[in-house]
């Protein structure tokens with residue numbers, strides 16, 4: 031994967047460029063030549079998010095949502111795409127094009143209660159894009175954005191058989207904590223100090 035690097039706006043994640051629309055976009059090129067964009071999620075992405083969910087394998091859904099789900103309802107999809115910027119942030123990797131029409135292949139999101147507090151995160155990369163380092167790239171962007179917002183730490187709840195996510199988290203400086211719930215661990219990373227990764 032290659033990334034288009036330019037000087038980002040001060041309030042955008044590192045690597046992003048501001049487009050004429052005022053939105054941030056980062057151009058990505060996969061090893062097979064596919065062109066994608068990493069950008070903040072938009073309300074217009076609701077139908078594309080539902081289509082992306084419908085393409086997920088049951089195991090992908092279980093690993094991301096921690097339980098089986100058969101559909102992403104209209105209401106839940108709208109909720110996931112319409113964020114209060116004081117409490118949430120989300121990125122998608124999508125085809126270049128108009129939100130809602132452009133297909134989405136991966137989503138990373140944060141939820142936080144207050145500035146300077148902790149943020150919960152979740153990431154899913156659908157199988158058509160898996161194996162290209164996109165999960166790592168998105169998690170690094172979440173870390174960067176969270177630092178810029180002054181958040182104290184990132185944490186996520188992960189099934190203990192989600193070895194891909196646990197390995198990625200370990201490589202990026204997260205530690206594991208027991209949840210006291212069978213089959214589930216919490217991964218945490220403080221953001222006050224710079225970590226390698």
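In this note's numbering, the protein residues as written are 31 to 227.
The C-beta atom is built at its ideal place from N, Cα and C for all residues, glycine as well.
Treat the numbers as computed from the prediction; the structure is a model and nothing was measured.
Excluding residues up to 5 positions away in sequence, 91 lie with their Cβ nearer than 7 Å to the Cβ of residue 99 in the same chain. Residue 159 is positioned such that its CB atom lies closer than 9 Å to that of residue 123. Non-local C-beta neighbours of residue 107 in its own chain, meaning closer than 6 Å and more than five positions away in sequence, comprise 76, 79 and 80, ordered along the chain.
Boundaries of the alpha helix (DSSP H) harbouring residue 84: 76 to 84, taken from the DSSP string. For a cut-off of 8 Å, the C-beta gap from residue 188 to residue 217 is around 6 Å, short enough to register as a contact.
Burial check for residue 180: the Cβ neighbour count within 10 Å stays below 16, so the residue is exposed.
A straight line joining the alpha-carbon of residue 148 with that of residue 192 spans about 23 Å.
The criterion of a C-beta distance shorter than 9 Å is not satisfied by residue 73 and residue 119. Assignment of residue 105 by DSSP, reduced to helix, strand and coil, places it in the helix class. Boundaries of the beta strand (DSSP E) harbouring residue 153: 148 to 155, taken from the DSSP string.
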